[in-house]
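**Q** Quick note: the sequence shown uses this note's numbering, first residue 36, plus one each step.
Ideal placement from N, C-alpha and C gives every residue a C-beta, glycine not left out.
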Amino acid sequence: MADAPIEFLKARSVSDVINATFSFIRQNARPLGKSLLYIVGPAVAVTAVFTAMFQARFFGLGMLTETDEEAMLDALGSISGLLGGTLLFSILTTTLTLVVVLGYVHLYRQRGPANITVDDVWAVTRQQFWRMLGLGVVVALVVMLPVVIVIIPCLGALAYLAWAVWAGFTFALAFPVRMEEQSGVIEALARSRALVKGFFWPTAGALFLAYLIYSVLSNAFAMPAVIVSFLYGMHSLDGGGGGVLYQFIILASTVLQTVASTALYCVPILTIAFQYFNLVEQQEHVGLRARIEQVHPGDGDGMESGSQPGEALS
């Protein structure tokens, strides 16, 4: 028997938001996973290759002597290039994952779980990718720009940490806002702040738990790659030169780490989405009025059937 569709516009506690996140993953693991595989998979593969090469070169620096300056400079230049490639494709992978998951949620609310194809998700991804990437850059700048205050002794670092935590949780909902309400960047940030106002601690609690789960599980998958890369570096230090087997194991373990990290990133993204709809429902009662309208047409306080959060969803 198929599971009943999960309702998004519903008031939830912190624990209910986390439970809804995992219920959604369990119900949609196959179609959502298929979309991630076809759309995000190529970027994940390239990211894994760059990461594996960077880790191998980094841990292999130990075999160079301090007097071999030319070789050291060449190695540092190579590592810098690999680090740049790793960061670039990591940003691409993260943004694609964000857009695919939020796009899937958008389609799920419109059509239900049985009518979503990879082509549908890809269409949303192409439409929303640059919009989400731009928003991500702006949010990162908002969080990072006040970093200059850390030069103030003692209190500067604490003040910046407090700002980063507040801004990170306050503006996290801007991403589902931009997807669901088709808002501009500034409007999405303002809408996110308005929704979180008065609900900061429940929002922070839900997102903290989601990111904690994500971090613990993704770090567990990262350990094999780190250990193998370290052993490769030590083997090179002893004059063994690493070997093809070590390099293959590094690549395989890094691919496993990157795939697992990408899949697990669905947890905080979906938590952000459920918290967005949770706060919309608590403050605007869109879902409640829609249900009243379905049962008693014309009794929904003038709200038309099918009204959306922010009155801007397509």
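For a test of your reading of the model: does the CB of L323 fall under 7 angstroms from any non-hydrogen atom of the ligand NAP? Yes or no.
**A** In terms of ligand content, the structure shown is empty, and the ligand NAP therefore cannot be addressed.
**Q** Closest by CA to I74, which one among V173, T128 and R65?
**A** Taking the sequence shown and counting its residues from 1, the one referred to as residue 74 is at position 39. Nearest option by C-alpha distance: T128.
**Q** Within 8 angstroms, do at least three Cβ pairs link the stretch 236-256 to the stretch 298-306?
**A** yes
**Q** Where W157 and A39 are concerned, what is the direct C-alpha to C-alpha distance, given to the nearest angstrom?
**A** The count along the sequence shown starts at 1 and reaches residue 157 at position 122. The count along the sequence shown starts at 1 and reaches residue 39 at position 4. Cα to Cα, the separation comes out at about 25 angstroms.
**Q** Considering only their Cβ atoms, is the gap separating L230 from I307 smaller than 8 angstroms?
**A** Translated into the one-based positions of the sequence shown, residue 307 becomes position 272. Translated into the one-based positions of the sequence shown, residue 230 becomes position 195. Not in contact: I307 and L230 (Cβ atoms no closer than 8 angstroms).
**Q** Taking just the CA atoms, how far does Q317 sit from F234?
**A** The count along the sequence shown starts at 1 and reaches residue 234 at position 199. The count along the sequence shown starts at 1 and reaches residue 317 at position 282. Computed Cα separation, rounded: 10 angstroms.
**Q** With H, G and I counted as helix, E and B as strand and the rest as coil, what does DSSP make of D51?
**A** The residue given as residue 51 occupies position 16 in the sequence shown. Here D51 sits in helix by DSSP.
**Q** Check this for me: beta carbons of L299 and Y249, under 8 angstroms apart or not?
**A** Walking along the sequence shown from the start, residue 299 turns up at place 264. Walking along the sequence shown from the start, residue 249 turns up at place 214. Against a cut-off of 8 angstroms, the Cβ pair of Y249 and L299 comes out as a contact.
**Q** Quick one: what's got a C-beta closer than 8 angstroms to G68's C-beta in the same chain, skipping five residues either side?
**A** Within the sequence shown, the letter at position 33 stands for residue 68. Within the same chain, G68 has close Cβ partners A298.
**Q** Using only CA atoms, which one of L122, G116, R166 and R144 lies nearest to L133?
**A** The residue given as residue 133 occupies position 98 in the sequence shown. Selection L122, G116, R166 and R144 evaluated against L133 yields R166 as nearest (Cα-Cα).
**Q** Excluding five sequence neighbours on each side, which residues of the same chain lie with their C-beta closer than 7 angstroms to the C-beta of S58?
**A** The residue given as residue 58 occupies position 23 in the sequence shown. Only I41 meet the Cβ criterion.
**Q** Tell me which residues share the same chain as V49 and place their Cβ nearer than 8 angstroms to its Cβ, disregarding the 5 neighbours each side in the sequence.
**A** As a first step, residue 49 is located in the sequence shown; it is residue number 14 there, counting from the start. Result list for V49: P237, G240, A241 and L244, in chain order.
**Q** C301 lies in the alpha helix (DSSP H); which residues open and close that run?
**A** Locating residue 301 in the sequence shown gives position 266, where the first residue counts as 1. Counting along the chain, the alpha helix (DSSP H) containing C301 begins and ends at C301 to E319.
**Q** Looking only at its chain, what residues have a beta carbon closer than 8 angstroms to the beta carbon of G138, apart from the 5 residues adjacent to it on each side?
**A** As a working note, residue 138 is residue 103 in the sequence shown. For G138, where only same-chain residues beyond five positions count, the Cβ hits under 8 angstroms are V156, V159, T160, Q163 and M214.
**Q** So the candidates are V220, L117, S288 and A295; which of them puts its Cα closest to the Cα of V251?
**A** Numbered from 1 along the sequence shown, position 216 holds the residue referred to as residue 251. Checked all of V220, L117, S288 and A295; the closest Cα to V251 is A295.
**Q** If V79 sits next to T293, beta carbons under 8 angstroms apart, how far is it from one beta carbon to the other, in whole angstroms?
**A** Indexing the sequence shown from 1 puts residue 79 at position 44. Indexing the sequence shown from 1 puts residue 293 at position 258. With a Cβ gap of about 5 angstroms, V79 and T293 count as contacting.
**Q** Tell me which residue opens and which closes the alpha helix (DSSP H) that G171 is part of.
**A** Within the sequence shown, residue 171 is the residue found at index 136, counting from 1. It spans V153 to M179 - the alpha helix (DSSP H) in which G171 sits, taken as one unbroken run.
**Q** Starting from V231, trace the alpha helix (DSSP H) both ways and give me its first and last residue.
**A** As a working mapping, residue 231 is identified with position 196 in the sequence shown. Secondary structure note for V231: its alpha helix (DSSP H) is the uninterrupted segment V220 to V231.
**Q** With a 10 Å radius around its C-beta and 16 neighbouring C-beta atoms as the bar for buried, classify F124 as buried or exposed.
**A** Numbered from its first residue, the sequence shown carries residue 124 at position 89. The residue is buried, with at least 16 neighbouring Cβ atoms inside 10 Å.
**Q** Between F89 and chain B, is the shortest Cβ-Cβ distance under 8 angstroms, so that the two count as touching?
**A** Any reference to chain B falls outside this structure, which holds one protein chain only.
**Q** Around the Cβ of T121, are there at least 16 other Cβ atoms within 10 angstroms (buried) or fewer (exposed)?
**A** Taking the first residue of the sequence shown as position 1, residue 121 is located at position 86. That one is buried.
**Q** So, is L193 buried or exposed, given that buried needs 16 or more other C-beta atoms within 10 angstroms?
**A** Numbered from its first residue, the sequence shown carries residue 193 at position 158. Flag for L193 reads exposed.
**Q** How many angstroms separate the CA atom of G169 from the CA atom of A223?
**A** Translated into positions along the sequence shown, residue 169 becomes position 134. Translated into positions along the sequence shown, residue 223 becomes position 188. Going from the Cα of G169 to the Cα of A223 covers about 12 angstroms.
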